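As you go down the protein sequences, you meet chains Y and F in turn. Sequential numbering of the first sequence, starting at 1, is according to UniProt numbering. Sequential numbering of the second sequence, starting at 1, is according to UniProt numbering. Even for Gly, the Cβ is constructed at its ideal location relative to N, Cα and C. Owing to the predicted nature of the structure, the values given are computational and were not obtained by experimental measurement.
2 protein chains.
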Amino acid sequence: MQQLQAEIIGVGTELLLGQIANTNAQWISEALANQGISVYHHQVVGDNHDRIYRSFELAKSRSDIVLVTGGLGPTDDDLTREVLSDFTKRALYQDKSALAQLEAFFKRRNRTMSENNRKQANVIEDATMIPNDAGTAPGMIVIDDDTTFVIMPGVPTEMKKMMNDAVLPYLKETFQLQDVIVSKMVRFIGIGESQLEMEVKDLIEQQSNPTIAPLASDGEVALRITARAETTKEANRLIEASEATLLARVGQYAYGFNSESIADVVVKQLANKGLTLAAAESLTGGRFSDAIVSVPGASRVFKGSIVSYSNEAKMKLLGVSEVTLQSFGAVSKETVIEMAKQAKDKLNTDVAVSFTGVAGPEPLEGHEAGTVFLCLYHDEEHYRAEKFSFVNHRELTRTRAVKKALEWLYYYLQSNHG
Amino acid sequence: MQQLQAEIIGVGTELLLGQIANTNAQWISEALANQGISVYHHQVVGDNHDRIYRSFELAKSRSDIVLVTGGLGPTDDDLTREVLSDFTKRALYQDKSALAQLEAFFKRRNRTMSENNRKQANVIEDATMIPNDAGTAPGMIVIDDDTTFVIMPGVPTEMKKMMNDAVLPYLKETFQLQDVIVSKMVRFIGIGESQLEMEVKDLIEQQSNPTIAPLASDGEVALRITARAETTKEANRLIEASEATLLARVGQYAYGFNSESIADVVVKQLANKGLTLAAAESLTGGRFSDAIVSVPGASRVFKGSIVSYSNEAKMKLLGVSEVTLQSFGAVSKETVIEMAKQAKDKLNTDVAVSFTGVAGPEPLEGHEAGTVFLCLYHDEEHYRAEKFSFVNHRELTRTRAVKKALEWLYYYLQSNHG
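Written out as structure tokens, the structure reads:
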């Protein structure tokens, strides 16, 4: 069977001005690779009729599937529909049903629909429409001789939903995709990237199918196992064998797979054990709570938290004693322990975490930016409190403190204390 | 003077597999834009001789300057030098001086140089060599008829250093670049993208220097004014004139410039007016507090918040009455008003915002996912509470609720009530 060749075109002058990176191309490339569709080219063109037209011409000359993002908005710079209509020599007309959906979208949000939004209901003759539940512009699939064009919005969340809900299933069915490429990510926490890589270096170097690739992100690291086979079942079997070898070496640090976040796993384990969680946040300012609440089903385990950003709030809301604050300061082990204890008591939960420190850039109470005290509290006999020195970078320090707390919770729940 | 057209080619199969995003193209695009060089195309090709060759062919046919990143490594997949040699029909030979520099690089780092590294000292006849102080592969500038090819490593830090230290100065001098391009972004909130564009449509269409481009992001919209002139001073003067015209039309929605976020502006205005803020968050789960705390200096205005995720927390921590919760539900106007009032009283601030709703995906109390009640509260006579229907998307709904609260706060502070 001839190998399917795909191409991705990003439309938008903001891409050529360097204002944003073409992350859509990356995401789509990976999604197609997982379907066994090879991407051979990316193009980026600006909001210019002639150049978009030529990009379609070039793509058609060499690719079976062309995915286009951008240029579906309501403004005069948005030309993708018009150019595709010209290029494929098919009429562009205003579709009643698409217009009705667009009007309903605005009505539901109590927003006024502008005159120029109407062009987003323009549809190409014989196109397959792809609904956009997360935005205004529907996508379209247009078959032009031997090339399939798919046009989608440039907004990443809208494009991804459209790809996952409609485009990928369409491609899979239409092209009866045979070879599959399957990837599985194994996620680790509590071990550094270089140490992990050293533990499995020989496995990474030896393997050709599956391949193993390390990926690092903030405060955690993953290994991506990628296998290619004729069936998903066979690919998964290859992956399982590889995964078993990896876990035999470094499994004690593995917490989850694929897109499971450490927060997902922590919430799930709290739920499994029937435990509840509260928090008291100072420098993290709600970011830890946000991470927990982002997990669907968090309400089973998370009762709430107190963002005691000021000392006044620490005393009045949390009940941290003035004596503690005066004797040791807000940024201290004593204070962070009291914060956690109070949060646990006030919210009546099984465990609580607390954060206090110096986000920066200014130092505070003699502590430099990046200093964080963290506490995980169960009861008077079972708690953990430590000081960390993160970086002089407000954002990174706050994020790393949150990640560290999730790491502590994870290992706490793994042990018998949970 | 004829407008210089540049093109950027990213070489690397990992880009086509979606393993990394083409951030090099973004960075280079912005760097060139600042020099007054217009980028009209991006291409990405894999590690394949034929396709790289054709990408050079295409680029030469339409661009004056072609910048290529990637494919300069020591492996067999690294083909850029070889292909450029073939394409420009110039010999590739091993340069003694380049080899000596390479050997010195490895020696300095106590690393062994592999046999395959030697090809990184291969040089194209008549090329201008660009030293790479941050890595192994030198770059090259090759002039082929009317097109200037610049080949550089794909490693971002190495490429950027090479661009800043050698390539940009070379381009500036060679092409006697006179012009500078300066951009300024004007940021708006409280008006939709299509409506804003309609208000300034004629200005967008008329203007050629500066140009005005609309950019939308979640819950807000911006206009980017880009001017080209011989000096930065002159460019800024053009921008100011254009900005004045825009603000005369839609200035009432403008809140900031360039990278100022709405949270930055809200915190600054609260500080200017000597006002303090608290919050009570349910579905937003700390995300609003996080947005405020992310602004340096937030401690001047933000005392803290209560993330009352459970009804128990709403009653015990916030003091929302059980009667209200039983009569109207947690997701109601009555409850959100009481939450804000209680947060304001307990934290003793001038204003408070509160959020309650249904993040989803499940409906709650008969309200569908995306339903949010928001309240901005000053006192019994001065408060605002409304219901919104956002989208059935947990993340987006929570983010939009936060953005809407910031919008309300902004306009509240703009009026005399602040």
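What number of angstroms, rounded off, separates the C-alpha of I225 (chain F) from the C-alpha of V402 (chain F)?
The straight-line gap from Cα to Cα measures roughly 28 Å.
Against chain Y, does S321 (chain F) count as a neighbour if the rule is that its beta carbon must be under 7 Å from one of theirs?
False, the Cβ-Cβ gap to chain Y never drops below 7 Å.
Is K184 (chain F) helix, strand or coil by DSSP?
Note: K184 (chain F) maps to strand in three-state DSSP.
Just checking: is the beta-carbon of F302 (chain F) within a distance shorter than 7 Å of some beta-carbon in chain Y?
Yes - at least one Cβ of chain Y is within 7 Å of the one on F302 (chain F).
Answer with buried or exposed for T231 (chain Y), where buried requires no fewer than 16 other C-beta atoms within 10 angstroms of its C-beta.
Answer is exposed; the Cβ neighbour count stays below 16.
Going along the chain, which residues of the segment 156-168 of chain F sit with their C-beta nearer than 9 Å to a C-beta in chain Y?
Going along the segment 156-168 of chain F in chain order, one finds no residue with a Cβ nearer than 9 Å to chain Y.
Output yes if chain Y places a C-beta closer than 7 Å to the C-beta of T13 (chain F); else output no.
No, T13 (chain F) lies away from the interface with chain Y (no Cβ there is under 7 Å from its Cβ).
In the DSSP assignment, what are the bridge partners of E386 (chain Y)?
Paired residue(s): Y:L374.
Measure the C-alpha to C-alpha separation of P169 (chain F) and Q35 (chain F) and round it to an integer number of angstroms.
So the two alpha carbons sit approximately 10 Å from each other.
Output needed for A222 (chain F): all residues of its chain with C-beta closer than 6 Å, excluding positions within five of it in sequence on either side, in chain order.
Answer for A222 (chain F): M185, R187 and L215, listed in chain order.
For V307 (chain Y), would you say it is in contact with chain F, using Cβ-to-Cβ distances shorter than 7 Å as the test?
Yes - at least one Cβ of chain F is within 7 Å of the one on V307 (chain Y).
From which residue to which residue does the alpha helix (DSSP H) around E199 (chain Y) run?
E193 to E199 is the span of the alpha helix (DSSP H), which, as asked, contains E199 (chain Y).
In whole angstroms, give me the CA-to-CA distance for K273 (chain F) and F149 (chain Y).
Straight-line Cα distance between these residues: approximately 55 Å.
Beta-carbon of G297 (chain Y) versus every beta-carbon of chain F: anything under 7 Å?
No, no contact with chain F.
Buried or exposed: which applies to F355 (chain F), given that a residue is buried once 16 or more other Cβ atoms fall within 10 Å of its Cβ?
Buried, since its Cβ has 16 or more Cβ neighbours within 10 Å.
Nearest to S259 (chain F) by alpha carbon, out of Y:E7, Y:A235, Y:Q19 and Y:G12?
Nearest option by C-alpha distance: Y:Q19.
If the criterion is Cβ atoms closer than 7 Å, does the pair M339 (chain Y) and L318 (chain Y) meet it?
Yes, Cβ-Cβ distance for M339 (chain Y) and L318 (chain Y) is below 7 Å.
At what residues does the beta strand (DSSP E) containing N122 (chain F) begin and finish?
It spans N122 to I124 - the beta strand (DSSP E) in which N122 (chain F) sits, taken as one unbroken run.
Could you check whether L364 (chain Y) and V372 (chain Y) sit closer than 7 Å to each other, using their CB atoms as the reference points?
No, they are not a contact pair.
Assign R400 (chain Y) to buried or exposed, taking buried as 16 or more other Cβ atoms, counted over all protein chains shown, within 10 Å of its Cβ.
Looking at its Cβ environment, which holds 16 or more other Cβ atoms inside 10 Å, R400 (chain Y) is buried.
By a C-beta neighbour count over all protein chains shown, 10 Å radius and 16 as the cutoff for buried, is V323 (chain Y) buried or exposed?
V323 (chain Y) comes out exposed.
In whole angstroms, what separates the C-alpha of A298 (chain F) from that of V307 (chain Y)?
Straight-line Cα distance between these residues: approximately 13 Å.
On the DSSP letters alone, give me the boundaries of the alpha helix (DSSP H) that M339 (chain F) sits inside.
Here the alpha helix (DSSP H) through M339 (chain F) covers K333 to L347.
Pick out whichever of F:R287, F:V295, F:P296 and F:S294 has its Cα sitting closest to the Cα of S294 (chain Y).
Closest by alpha carbon: F:R287.
Note down, in chain order, all residues in the segment 60-93 of chain Y with a beta-carbon under 8 Å from any beta-carbon belonging to chain F.
So the close ones are G73, P74, T75, D76 and D77.
Please report whether the beta-carbon of N24 (chain Y) lies at a distance below 7 Å from any beta-carbon of chain F.
N24 (chain Y) does not count as touching chain F.
Counting only the same chain and skipping the five closest in sequence on each side, list residues whose C-beta sits under 8 Å from that of T245 (chain Y).
Same-chain partners within the cutoff: L203.
Measuring only the C-alpha atoms, how far is D76 (chain Y) from M198 (chain F)?
The alpha-carbon atoms of D76 (chain Y) and M198 (chain F) are separated by roughly 10 Å.
Under 8 Å between beta-carbons, which chain Y residues line up against Y411 (chain F)? List them in chain order, please.
Within 8 Å Cβ-Cβ: nothing; Y411 (chain F) doesn't reach chain Y, min ~17 Å.
What in chain Y is Cβ-close to V45 (chain F), meaning under 9 Å?
Within 9 Å Cβ-Cβ: Y40, H41 and H42.
Measuring only the C-alpha atoms, how far is E234 (chain Y) from D145 (chain Y)?
Taking the straight line from one Cα to the other gives about 34 Å.
Where does the unbroken alpha helix (DSSP H) through S97 (chain F) begin, and where does it stop?
Residues K96 to R108.
Check whether the Cβ of V293 (chain F) lies closer than 7 Å to any Cβ atom in chain Y.
For V293 (chain F), the answer is yes, since a Cβ of chain Y falls inside 7 Å of its Cβ.
Is there a Cβ from chain F that is less than 7 Å from the Cβ of N122 (chain Y)?
It does not; no Cβ of chain F falls within 7 Å.
Cβ atoms of T211 (chain F) and M152 (chain F): under 7 Å apart, would you say?
Not a contact, by the Cβ cut-off of 7 Å.
Taking only three categories from DSSP, how would you classify Y309 (chain Y)?
Reduced to three states, the DSSP call for Y309 (chain Y) is coil.
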